[in-house]
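Residue numbers (our numbering), protein chains in the order written: chain A, 1 to 268; chain B, 1001 to 1420; chain C, 2001 to 2312.
Here a beta-carbon is modelled for each residue, glycine too, at the ideal position from N, C-alpha and C.
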Amino acid sequence: MAVGLTLIFGVMRVVNFAHGDMMVWGMYLAYVLSTRAGLDPYLGFALCAAALFVFGAAVQRGLVDRIVDAPHEMQILLMLGVALVMENVALLVFGPEPIRVRSPLGAATWYLGPLYVDVARLVTFGVAIVLTAALWVFLYRTDLGRQIRAAADNPYGALVIGTDVRRVYAAAFGIGAACVGAAGALVSPILPFQPSTGLSLSVTSFNIVIIGGMGSLPGAFVGGVLVSVAESLGAVFLKPSLKELASFSLLILILIVRPAGLFGRRAS
Amino acid sequence: MPHTTRRTFLRATLAGAAVVAAPLPLRAQPKTFKIGVIHPVTGPLAEPGQACRLGAQMAADAVNAAGGIRSKGGLQLELVLGDTQTKPENGRVEAERVVNQGARMLMGSFDSGSTAAMVSVAQQKRVPFLVDIAAADPITANVAKSVKDGQQKVQYVYRNFPTGSSFGRKAVQYFTEMFKEAGVSPKRVVLMYCNDLFGQSQSRGFQAAHKAANPGWDIVEVIPWPEPPSDLSTEVSKAKAAKPDIIAPITRPASAQLLLPELRKQRLDIMGVVSPGSPGLYEAGQIAALKEDLEHVATCVPWANFKNPKTNAVAEDFRKRSGGKTFDTNSGYSYDGIFIIADALERAAKLDDPDAIVDAMRKTSYGGGLMQYGGPVVFNELGDNPNAITTMIQILGGKPVAVWPKAAAVQKFVFPRPKA
Amino acid sequence: MKWAGALAVLGLLALPLTLSSYALTIFIFIFFYAFLGQAWNIVGGYAGQLSAGHAAFVGIGGYTAAMLSIEHGVTPWIGMFAGAVLAGALGALIGYLGFRFGLRGFYFVLLTVAFAEVCRILVSNIDAVGGALGLYITFTGNPRHFQFQDQRAYYYIALALMLLATGIAALIERRRFGIYLRAIREDEMAAEAAGVDAFRYKMFAMIVSSSLTGLGGTFYAFYLFSLQPNTVFGIPLSVEIIIRPIIGGTGTLVGPILGSFILTPLGELSRHYLGQSGLHGAHLVAYGLLLIAVVLFLPNGAYPWLRARFRR
């Protein structure tokens, strides 16, 4: 999911506070697909991604586009407004109970002697790698991908050489949203969710993106791994309720020592 | 420029004032008795908050249908509803609002922060306040202390809910009794809890009570997690490493959905999962989501007395009106709360004097509650009901049933749990 | 301008004569958030350093005064200044790290958020300060305990806080200091080239802002009678603090006040009218939509827009 965020921020410098809520919408969509159409989330995630792509592109076109030149804080506020609307629409539609999508895969576990492997997590991890790789190929090997990167580096330059920057932005935002949509569907059998889950997801993903590096795909990936390792270590060596302390301390450290993140280039 | 500034500023000020002052006309000569009922119906605690509100509404309907407050000429109850969104400041604002709309008593408000803010309004404006749910001990104790020290004249705050410390005492007592009844002697208990207001209050109460009772089993490890958690695998590994006989988790609905499958996946060899207090674990949605992982799990919660036929009728009605939810701690205590208020109003010498209502509240001895009590509802010197107790329930055959204490048990408990 | 201000203050001083206690409560929160917004405005608006962790200062201030009062019987009238000092110290630490290492824009936002979160997690886990359970303050109604039986006392204190922060902001705006801050916000390099010691001025703004905010923590604690780490150190409170000056117009004296006069009643009305409907959450959807609308149509905030309109 951090991959989606890094794309949105890396390209457009928009701080997407609705990120976690987009993910929650992806989860609810997976839930609806699974309960109404019997579609397993491990298959349904593609549909969720598609739906979120359309939604993301629409948000970009209809809202963010209008204030690209406005002060930075206005963009933050805009996305906060979007987040508030998304969370409470979910509350209106689905109610406040935490739910989880049931999938046969979600319950499966392999045992290797004393070790055990959670199949659902393994699959999620695998799909995440594949998606990240696909996204990398897209960004570096296709025309639209190159345009997105060009627009990120220098929007005016891109405009001069005839890129439709607005279209490119919409595509980038849409793809970013699609990534979280897919991620939401994929973790929906593992992670119970409710409308108010969005905020903590947003904070976690900001954490990951900063640690890994803004605008860097491998960075987002490594950042994700680092954050979970730091939290696990924190849980083992400190009190588990202090484990978030580990990831936030890591964040502060990275911000001070290497604000561009481990893999990022400095965005000024 | 100075001119325009003045105008804009004044305009804004006046608009603001008009907006605030406008929407609340005061009605003269109330024909109903208004009760401000404030719960968190939106935000993170929206689920229990909505259950509370519905419980209170159903109780008010029932009181009114049965003829209202008979000694006061069949006076009807009218609820003025409020929403805290789980923010303490809204507890204060909403309490002020409902009082301004004519509420002459308050009931609420589930989370202890908002409740504490409401307490100040009750004491400031002399509005009797029945806390239907909120477990933090200081809420009533602080007011009692203030009265004792002569800082306040009258205590307007009463609570019909087990306090954090009584939760713990009952849990330790039931644990010990059940182990004995089952003829087993587990030694090692691992306490796991969600580190939020509720979880910490429960776990402190449990540990304090365990220390005081010295019951022959030990709490060998205490593992808190941040709520809501995104993953509990490390926590469960840590618990497993302590070689427990019993896992005693204090969960919220969301963390239960992570914890229980994780316990199965990591194949913990335990006699059972017995919780000192986990709200919502017994909900139909939880049972559907967790299925076999929830079977045989026992938890200590305030529970309705289903041996009472009236409870079953109300629970059935509640299920219909809530879209399939269990009549539980939240809906039940809010339901009883309205009846306790009605009982006090019935006995109060007059209703236009809050101190008369308080007098009646203090003399309460109400036996008609639908929840499982240790005796009639009474209020002690702190303003708490010492007879508000918890019940051990267990999920058996996909249904929550009361299993302990014996007097409340509907079925015999299954413990230790059968080996898979 | 001076006349308008004096007149408005006079009006506000007289208001409690006519309003109900509920309306006063709304005004108290309008003033309180205008105060917090104004305090934030000093560093977030004038200096352009976007802090999204100001809740941490409310929390530190509130916890300090509450602990001193509960454990040591120190009156909050003294405790509030102890709280302000500690909040200022935390502000200095965050400012030092942020400014010394040149964190700008979004990076500074995250640094402040991270510090607030660290405070929240630490306080939740330290039993001596109440842990996740929080602190509960005994209601006595005794002015010595910063508590009042009469709602009007709180009203005047909140008003005084708002005027205090506005006065300090006005002082800063008028002095050379304010000009430096704005120069830093517009173009820090150019300002430095012109000989402005950006680090020093930013630090100063941060410390003033965080100390003032810490003062607010005491008011929060002794008006609401409990402190929980999730509410007073949480991200939602930080958002509440910054949202008002941004809506009203950052870097202006009137902005935070105007923003608070718009948003606080709006939140109240939407909760009141839509919250009763049984459609739980509808009022927050409406609030969110309004927020979006304001951003789209008044991207510089309400006050600059009003000013421009009246100039025309």
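Listed by chain order, chain C residues near residue i by CB distance under 7 Å
i            : result
residue 66/A : 2296
Collapsed DSSP secondary structure at residue i in the structure displayed
i              : result
residue 1022/B : Unreliable positioning characterises residue 1022/B in this predicted model, as indicated by a pLDDT of 44, which lies under 50. The coordinate reading is nonetheless provided below. Of the three classes helix, strand and coil, the one that applies to residue 1022/B here is coil, per DSSP.
residue 2072/C : helix
residue 1329/B : helix
residue 1080/B : strand
residue 1028/B : Below a pLDDT of 50, predicted positions are generally treated as unreliable, and residue 1028/B, at 44, falls in that range; no measurement from the model is reported.
residue 2311/C : helix
residue 1401/B : strand
residue 2213/C : helix
residue 267/A  : Residue placement at residue 267/A is poorly supported in this model, since its pLDDT is 44, which falls under 50; the coordinates still yield a value, given next. It is coil, neither helix nor strand.
residue 1389/B : coil
residue 1246/B : strand
residue 1341/B : helix
residue 103/A  : coil
residue 1034/B : strand
residue 194/A  : coil
residue 2054/C : coil
residue 1221/B : strand
residue 256/A  : helix
residue 1016/B : Because residue 1016/B sits at a pLDDT of 47, beneath the cut-off of 50, its placement in the model cannot be relied upon, and the point is left open.
residue 1123/B : helix
Partners in chain C for residue i, counting only beta-carbon separations shorter than 9 Å
i              : result
residue 1260/B : Ordered by position in chain C, no residue passes the 9 Å Cβ test against residue 1260/B, which lies about 22 Å from the chain.
residue 1117/B : 2223, 2224, 2225, 2226
residue 270/A  : Here chain A comprises residues numbered 1 to 268, so residue 270/A is not present and cannot be evaluated.
residue 241/A  : 2121, 2124, 2125, 2132
Assumed close pair residue i, residue j - CB separation to whole angstroms, cut-off 8 Å
i              : j              : result
residue 1079/B : residue 1057/B : 6 Å
residue 262/A  : residue 236/A  : Incorrect: roughly 23 Å between the Cβ atoms, too far for contact.
residue 2206/C : residue 2092/C : 7 Å
residue 1133/B : residue 1380/B : Wrong, their Cβ atoms sit about 18 Å apart, outside the cutoff.
residue 1306/B : residue 1312/B : 6 Å
residue 2217/C : residue 2081/C : Incorrect: roughly 12 Å between the Cβ atoms, too far for contact.
residue 1147/B : residue 1131/B : Contact flag wrong, Cβ pair sits at about 16 Å.
Neighbour flag for residue i against chain E, beta carbons, 8 Å
i              : result
residue 2022/C : The chain labelled as chain E is not found among the protein chains of the depicted structure, namely A, B and C.
Interface residues of chain B facing residue i [CB-CB closer than 7 Å]
i              : result
residue 2133/C : 1136, 1197, 1200, 1201
residue 2281/C : 1042
residue 2025/C : 1092, 1093, 1096
residue 2031/C : Neighbours of residue 2031/C on chain B: none; closest Cβ ~11 Å, over 7 Å.
residue 191/A  : 1230
residue 2142/C : 1151
Where residue i meets chain A, residues with beta-carbon distance less than 9 Å
i              : result
residue 2268/C : Within chain A, no residue comes near residue 2268/C; the closest Cβ sits about 16 Å away, beyond 9 Å.
residue 1042/B : 88, 91, 96
residue 1050/B : 95, 96
Amino acids of chain B, ordered along the chain, whose beta-carbon sits closer than 9 Å to that of residue i
i              : result
residue 102/A  : 1288, 1289, 1291
residue 2079/C : Chain B residues near residue 2079/C: none, gap ~18 Å exceeds 9 Å.
residue 2199/C : Neighbours of residue 2199/C on chain B: none; closest Cβ ~34 Å, over 9 Å.
Neighbouring residues, chain C, relative to residue i (Cβ below 8 Å)
i             : result
residue 301/A : Residue 301/A cannot be examined here, being either before or after the span of chain A that is shown, 1 to 268.
residue 99/A  : Chain C residues near residue 99/A: none, gap ~16 Å exceeds 8 Å.
Partner residues on chain A for residue i, Cβ-Cβ distance less than 7 Å
i              : result
residue 1057/B : Chain A residues near residue 1057/B: none, gap ~17 Å exceeds 7 Å.
Neighbour list for residue i in chain A, Cβ cutoff strictly below 8 Å
i              : result
residue 2118/C : 245, 248, 249, 252
residue 1295/B : By Cβ distance, chain A contributes nothing, its closest Cβ being about 14 Å from residue 1295/B, past 8 Å.
For this session: Go through the region 1137-1210 of chain B residue by residue and report every complete run of the beta strand (DSSP E) that reaches 3 residues or more, in order.
Result: Counting whole runs of 3 or more residues, the region 1137-1210 of chain B contains the beta strand (DSSP E) stretches 1157-1159, 1188-1194.
Exercise. Going along the chain, which residues of the region 1227-1256 of chain B sit with their C-beta nearer than 9 Å to a C-beta in chain A?
Worked result: From the region 1227-1256 of chain B, only 1227, 1228, 1229, 1230, 1231, 1232, 1233, 1234, 1235, 1237, 1238, 1252, 1253, 1254, 1255, 1256 have a Cβ closer than 9 Å to chain A.
For this session: Could you name the residues of the region 1084-1104 of chain B whose beta carbon sits closer than 8 Å to any beta carbon of chain A, in the order they occur along the chain?
Result: For chain A, none of the residues of the region 1084-1104 of chain B brings a beta carbon within less than 8 Å of one of its beta carbons.
Exercise. Given a limit of 7 Å on CB to CB distance, which residues of the region 207-233 of chain A reach chain C?
Worked result: Cβ contacts with chain C come from 210.
Exercise. What residues in the region 116-140 of chain A have a beta carbon less than 7 Å from any beta carbon of chain B?
Worked result: Near chain B, meaning a CB-to-CB distance below 7 Å, the residues of the region 116-140 of chain A are 116, 118.
Exercise. Of all the residues that make up the region 1263-1290 of chain B, which are near chain A by a beta-carbon distance shorter than 9 Å?
Worked result: Cβ contacts with chain A: 1264, 1265, 1266, 1267, 1280, 1283, 1285, 1286, 1288, 1289, 1290.
Exercise. If you measure beta-carbon to beta-carbon, which residues of the region 2034-2062 of chain C are closer than 7 Å to chain A?
Worked result: Listed in sequence order: 2050.
Exercise. Of all the residues that make up the region 1361-1380 of chain B, which are near chain A by a beta-carbon distance shorter than 8 Å?
Worked result: Residues: none.
For this session: Give, in chain order, every residue of the region 1141-1159 of chain B whose Cβ lies closer than 8 Å to some Cβ of chain A.
Result: Taking 8 Å as the upper bound on Cβ-Cβ separation, chain A lies near no residue of the region 1141-1159 of chain B.
Exercise. Counting only runs that start and end within the region 1227-1308 of chain B, where is the beta strand (DSSP E) found for 3 or more residues in a row?
Worked result: With a minimum length of 3 residues, the continuous beta strand (DSSP E) runs that stay inside the region 1227-1308 of chain B are 1246-1250, 1272-1275, 1298-1301.
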